[in-house]
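Below: one structure, written as structure tokens.
In our numbering, the protein residues as written are 3 to 72.
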């Protein structure tokens, strides 16, 4: 299995746990926002055809952070 060697801060999309790590926010908070529709995510198909982990783009994370910043 290949590992992505691109640093987290330079990626254009992440899984929710990696996005939480990159932005320094709670994974549970991101998951709740994704479930509520406040954070737009995609679920690309895996090689087997099943839906894979939720992914979020850099653009959407930046928008989310600006909108819900305290």
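Using N, Cα and C, we set each Cβ at its ideal position, and we do this for glycine too.
Buried or exposed for residue i, going by 16 or more other Cβ atoms inside 10 Å?
i, result
"residue 63", "buried"
"residue 7", "exposed"
"residue 14", "exposed"
"residue 35", "buried"
"residue 21", "buried"
Taking just the CA atoms, how far does residue j sit from residue i?
i, j, result
"residue 33", "residue 18", "7 Å"
"residue 9", "residue 23", "12 Å"
"residue 61", "residue 47", "21 Å"
"residue 28", "residue 5", "24 Å"
"residue 65", "residue 49", "30 Å"
"residue 45", "residue 68", "23 Å"
"residue 30", "residue 16", "15 Å"
Quick one: what does DSSP say residue i is sitting in, helix, strand or coil?
i, result
"residue 69", "helix"
Inset, instruction - List in chain order: all unbroken alpha helix (DSSP H) runs of 4+ residues lying wholly within the segment 28-58. - result: 29-38
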